[in-house]
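2 protein chains.
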Amino acid sequence: MIAWKNFSELKAYSRLKALKGKVNLQEAMAGESGAKRVAEYAVPMGGHLTYHYAAKQVDDEVLDALQALADEAQLTDKYQALLDGEVINTGEKRLVLHQLTRGQQGKAVTADGVDKRAFYVGEQRKAAEFANKVHAGEIVNEKGETFTTAVQIGIGGSDLGPRAMYLALENWAKAEKTFKMEARFISNVDPDDAAAVLNGIDVARSLFVLVSKSGTTLETLTNESFVKDALRKQGLDPAKHMVAVTSETSPLAKSSDYLAAFFMDDYIGGRYSSTSCVGGVVLSLAFGPDVFARFLAGAAEEDALAKCPDVRKNPAMLDALIGVYERNAQGYPCTAVLPYSQALNRFPAHLQQLDMESNGKSVNRFGEPVDYVTGPVIFGEPGTNGQHSFYQLLHQGTDIVPMQFVGFRQNQLKTDVDIQGSTSQQKLCANLAAQIMAFACGKRDENPNKSFAGGRPSSVIIGDRVTPESLGALLAHFENKVMFQGFVWNLNSFDQEGVQLGKILAKRVLAHETDGALKAFSDLLCI
Amino acid sequence: MIAWKNFSELKAYSRLKALKGKVNLQEAMAGESGAKRVAEYAVPMGGHLTYHYAAKQVDDEVLDALQALADEAQLTDKYQALLDGEVINTGEKRLVLHQLTRGQQGKAVTADGVDKRAFYVGEQRKAAEFANKVHAGEIVNEKGETFTTAVQIGIGGSDLGPRAMYLALENWAKAEKTFKMEARFISNVDPDDAAAVLNGIDVARSLFVLVSKSGTTLETLTNESFVKDALRKQGLDPAKHMVAVTSETSPLAKSSDYLAAFFMDDYIGGRYSSTSCVGGVVLSLAFGPDVFARFLAGAAEEDALAKCPDVRKNPAMLDALIGVYERNAQGYPCTAVLPYSQALNRFPAHLQQLDMESNGKSVNRFGEPVDYVTGPVIFGEPGTNGQHSFYQLLHQGTDIVPMQFVGFRQNQLKTDVDIQGSTSQQKLCANLAAQIMAFACGKRDENPNKSFAGGRPSSVIIGDRVTPESLGALLAHFENKVMFQGFVWNLNSFDQEGVQLGKILAKRVLAHETDGALKAFSDLLCI
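Protein chains in written order, with this note's numbering: chain A, 2 to 528; chain B, 2 to 528.
Below, the structure is given as structure tokens:
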């Protein structure tokens, strides 16, 4: 029987708080004991990646406390309940089914009178068939020309995740000769965003993928109109250039304004939708359906692993719990995500949404205020770029910022250059290894300005190469990490009520129904 | 006489700490008192922007305490000393002269036997003449073709600032018909970065701008070699395609490997170098020297304002002091930078470096540990995108994150669409006004999940449009803000010793001179 309790009501809470400052990372990571930790503190994340936590501030006692927390909070039971189709998104009274887009890890789930796995697979197949026809030149523009560019129009989860995934695989697909079409993304309601994208493409040979679950997202509909205007100005018929990704009940679902419509539903939150048609249509167009299927397989592998109740064998749950220890026992307010891979350029922006929108909350799943801190601020940029930027603060600032590194042994394009006895790829990896150790152990110097205190914890996920499979596993790892943290904090990680007030006030501004400071600011901005 | 004292030694320190929680922002911003605050709490930032701080947690008592702090810490005296050429970067025993690249706000400064203002102006003139010759087709490739693309090769401050400025003005320049050449940027030592950029351009018609002050930055030299290989493979002579931006004493300065060399010096830190030739060459190539001159003029205007000792008339100093109040009295660890302008897409990444690398330090300018927190974590993405992402945490998370908004009344490309009675630009601005008020005042709801506590402070910088002048003012505002905060915290904001240890360890990894955990991680990464 699952009990949804606040974190502070658990025995494990005070046990964990009492372990504050337990591990001296500088000592733990020094000498041969450090090498031993690196060998021992590692968990495979399926066949493509490994999660290494040797440089985190944990030892067997902390890990045992995290295991006790996992058990007491029934983390894997809750995950299984989610997989089996229970109403986990209690606020909105919805199932949470994004894992079902990539595999069946629990019981068959029926909702709205259909088997949901079959529904998601069916939509994927529709997207695959559509993409294949576009690639084969069976679906073409008015002049009979093939489409060369796919342009996703969406915002938030309809933008950040799919965009990050596209960028992550773009060069891999080019290197592997599976690249089919360029993709571009229009998201911001700032009209310069859409205008700049349209200026940079051949509009006549572009296929637009309009993504809005509700079919009412104002930014997205505005950008759709912007694009339709542009198409008409070139004498093109928008209905021949546009598909919709939406829910079956949305106004977009059966409109003749679109070449085709692909469906998702209310059981998949925007930030969890990269493996649904929200990501599937644009990624299948860009790289082919087979690549998208491989991406899903990588995610499914991690989803399966996440069912393991042993924290030492469940990388997503372990990562989640170490994060909880850092947030609630150690008191760190932020986490930096630092991929040593240019392909993962925008992966931190996706994680920023995934994590902060899921767990940036002050009330528990029953609407009661919690008496502990919840989701941290997430930020990051790819290494080595970050090293020449904000790492100064990470090394020597007054606050400690836990870090989540990601690195790969090989690059994607396989072009490289040997300078001063090493390749660029080797330099990239050498910097990653060096940073982990510099943060963990620091270094005393007689000049205090050049001294490094160390004791700055990091984990690193290591793989061979950014491929569809490893990217899928990486995505699912973080989705599941965030889910487990939400379970510990007793939050509903699947709604986002915090975005509503701004929308209401913005409508009021546009209707000129304001007074006081809101009117004053609106006047300043000349609305 | 200037005294360099720790913040905690000042009388103003305890006075400010005692003002913790002084202002109830929800009440202050409600009704007509809110409108009054919006009218009163505003400072012009020269002719192009205004800094509004009505939605910050300040009142006249807090402002008086900030004025007392500014006076006691001698902030404008210290700024004047910097302008007059004193050795402000004490650790490295260097002058700090980036303001001199855009104007002469203090005494004539002589160093290395030359008048430094004349030196910077001279280099700008060289860059302008060079750019004019490229645009006029007087400097061409081996086949006599004009160059169409400029590619900056640099990392950290040689990348983030110039890239953010390029992106900020690219569409403006296209709209205003002053656009001359595309620019691209190669920064990461991940070889996929350079490879992808080279795959996307016509290499034969590209001019590469190699930027390294020391001429020894490993990432940059590695990317230079990568590019030279690519040029040679196409039968091109690298020396006909490359210019250097470096210091006069660097190995690059007088090399025949470059068409031309443009100089900066040790008195301009990387993150402060956008107005030197580090930004000047690529921006002059992209937009023409006149546009770059207008950008400098905007920055100079803000530099002049920053000399005013009255906090209520000095926007950079006021912004700095409010930040100090938020960090040291209110105890907030992060600041979000949120431009409502797609053009400022990468401006937050530049500010992240500027701020975190300058003030993310634990020792004062004499190398003694400080007993107060210093620079915050800085992160951000453009609005409205962020609203559909991490704003959930900003609205309803357990920690308060102060915000720095930026907004403009007009967009750059002047293309727009009217949907549901308003343009995209109006929607963008309406969202900005709405967010400020939603954060400040919140809203009670009987459903606690839909309740907003409010009390989340923000400032907003408002202008007409992102132009060279307003962008220059914006850049200088933040440079000066960071400088003033460094003065308050008694830091040396102009060195970055925190980046050194990682470099040393990375070299050791590449030389295979490691043991313990560093060797173990290196082995895992197959170096």
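From the three backbone atoms N, C-alpha and C, an ideal C-beta is built for every residue, glycine too.
Note that the structure is a prediction, hence the values are computed from the model and not measured.
Can you have a look at residue 517 of chain B and say buried or exposed, based on whether 16 or more other CB atoms are within 10 angstroms of its CB?
-> By the C-beta density criterion, residue 517 of chain B is buried, having at least 16 other C-beta atoms within 10 angstroms.
Measuring only between beta-carbons, confirm whether residue 25 of chain B sits less than 9 Å from chain A.
-> Cβ-Cβ to chain A under 9 Å: no for residue 25 of chain B.
Residue-level contact to chain B via CB, residue 396 of chain A, 9 Å cutoff = With 9 Å as the cut-off, residue 396 of chain A counts as an interface residue toward chain B.
For residue 339 of chain B and residue 404 of chain B, believed in contact at Cβ under 8 Å, the rounded distance | Sure, about 6 Å apart at Cβ, within 8 Å.
Given a cut-off of 9 Å, decide if residue 127 of chain A and residue 296 of chain A are closer than it, judged by their beta-carbon atoms.
-> In this structure, residue 127 of chain A does not lie closer than 9 Å to residue 296 of chain A by Cβ.
Decide if residue 520 of chain A is buried, meaning its Cβ has at least 16 other Cβ atoms within 10 Å, or exposed.
-> Buried.
Length of the line joining the Cα atoms of residue 195 of chain A and residue 233 of chain A | Going from the Cα of residue 195 of chain A to the Cα of residue 233 of chain A covers about 15 Å.
Enumerated in chain order, which unbroken segments of the alpha helix (DSSP H) with a length of 4 residues or greater are wholly contained in the stretch 58-126 of chain A?
-> List check, alpha helix (DSSP H) in window: 61-73, 76-84.
DSSP-derived helix/strand/coil call for residue 514 of chain B = The DSSP-derived three-state label of residue 514 of chain B is coil.
Is residue 226 of chain B helix, strand or coil by DSSP?
-> Of the three classes helix, strand and coil, the one that applies to residue 226 of chain B here is helix, per DSSP.
Can you name the residues of chain E whose CB is closer than 7 Å to the CB of residue 380 of chain A?
-> Checking the listed chains, one finds no chain E in this structure; the protein chains it contains are A and B.
Counting only the same chain and skipping the five closest in sequence on each side, list residues whose C-beta sits under 7 Å from that of residue 172 of chain A.
-> Here the set comprises 344, 413, 414.
Top-ranked residue by Cα proximity to residue 143 of chain A, from A:188, A:208, A:156 = Out of A:188, A:208, A:156, A:208 has the C-alpha closest to the C-alpha of residue 143 of chain A.
Just confirm the distance between the C-beta atoms of residue 540 of chain B and residue 225 of chain B, as a whole number of angstroms; I'd bet it's less than 8 Å.
-> Coverage of chain B is limited to positions 2 through 528, which leaves residue 540 of chain B absent and any answer about it impossible.
Residue span of the beta strand (DSSP E) that contains residue 378 of chain A, given as start and end = Where residue 378 of chain A is concerned, the enclosing beta strand (DSSP E) stretches over 378-380.
Would you check if there are 3 or more beta carbon pairs closer than 8 Å linking the stretch 269-287 of chain B to the stretch 97-104 of chain B?
-> Touching, yes, given that three or more Cβ pairs across the two stretches are closer than 8 Å.
Please list the partners that residue 165 of chain B has in chain A, where partner means a Cβ-to-Cβ separation under 9 Å.
-> Correct list: empty, because the minimum Cβ distance to chain A is about 12 Å.
Per DSSP, residue 181 of chain B is paired with what?
-> For residue 181 of chain B, DSSP assigns no beta-bridge partner whatsoever.
Which two residues bound the contiguous alpha helix (DSSP H) that contains residue 199 of chain A?
-> Residues 192-200.
In chain order, what residues of the stretch 295-315 of chain A put their CB closer than 9 Å to some CB of chain B?
-> Of all residues in the stretch 295-315 of chain A, none has a Cβ within less than 9 Å of some Cβ in chain B.
Which runs of the alpha helix (DSSP H) fall wholly inside the stretch 311-362 of chain B and span at least 4 residues, in chain order?
-> Inside the stretch 311-362 of chain B, DSSP marks whole alpha helix (DSSP H) runs of 4 or more residues at positions 316-325, 348-360, from first to last along the chain.
Closest Cα partner of residue 501 of chain A within the set B:478, B:427, B:395, B:494 = The closest CA to that of residue 501 of chain A, considering only B:478, B:427, B:395, B:494, is found on B:395.
Evaluate residue 181 of chain B with the Cβ neighbour count: other Cβ atoms within 10 Å of its Cβ, from every protein chain shown; 16 or more gives buried, anything less gives exposed.
-> Counting Cβ neighbours within 10 Å, residue 181 of chain B comes out buried, since at least 16 surround it.
Taking contact to mean at least 3 C-beta pairs separated by less than 8 Å, is the stretch 494-509 of chain B in contact with the stretch 426-446 of chain A?
-> Short answer: they touch.
Reduced DSSP secondary structure (H/G/I, E/B, other) of residue 253 of chain A | DSSP places residue 253 of chain A in coil when its eight states are reduced to three.
Identify, in the order they occur along the chain, each residue of the same chain with its Cβ nearer than 7 Å to the Cβ of residue 24 of chain B, setting aside the five sequence neighbours on each side.
-> Hits under 7 Å: 58, 59, 60, 63.
Going by the CB atoms, is the gap between residue 53 of chain B and residue 462 of chain B shorter than 9 Å?
-> With contacts defined as CB atoms closer than 9 Å, residue 462 of chain B and residue 53 of chain B qualify as a contacting pair.
Please compile the residues from chain A whose C-beta is within a distance smaller than 7 Å of the C-beta of residue 579 of chain B.
-> The requested residue 579 of chain B is not part of the displayed model; chain B covers only 2 to 528.
Out of B:246, B:465, B:476, B:523, point me to the one whose CA is closest to residue 125 of chain B's CA.
-> Of the candidates B:246, B:465, B:476, B:523, the one whose C-alpha sits nearest the C-alpha of residue 125 of chain B is B:246.
Counting only the same chain and skipping the five closest in sequence on each side, list residues whose C-beta sits under 7 Å from that of residue 185 of chain A.
-> Taken in chain order, the residues that qualify are 150, 152, 198, 202.
Mark residue 486 of chain B as exposed unless 16 or more other C-beta atoms lie within 10 angstroms of its C-beta, in which case mark it buried.
-> Flag for residue 486 of chain B reads buried.
Could you spell out where the beta strand (DSSP E) holding residue 371 of chain B opens and where it closes?
-> Segment: none, residue 371 of chain B is in no beta strand (DSSP E) and carries neither H nor E.
Excluding the 5 residues preceding and the 5 following residue 308 of chain A in the sequence, name in chain order all residues of the same chain whose CB lies nearer than 7 Å to its CB.
-> These residues qualify, in order along the chain: 77, 80, 81, 106.
Determine the direct distance from the alpha carbon of residue 74 of chain A to that of residue 399 of chain B, and round the result to whole angstroms.
-> Residue 399 of chain B and residue 74 of chain A: Cα-Cα distance of roughly 21 Å.
Work out the CA separation of residue 428 of chain B and residue 254 of chain A for me, nearest whole Å.
-> In a straight line, the C-alpha of residue 254 of chain A is about 25 Å away from that of residue 428 of chain B.
Mind pulling the chain A residues with CB within less than 7 Å of residue 161 of chain B?
-> Within chain A, the residues near residue 161 of chain B are 390.
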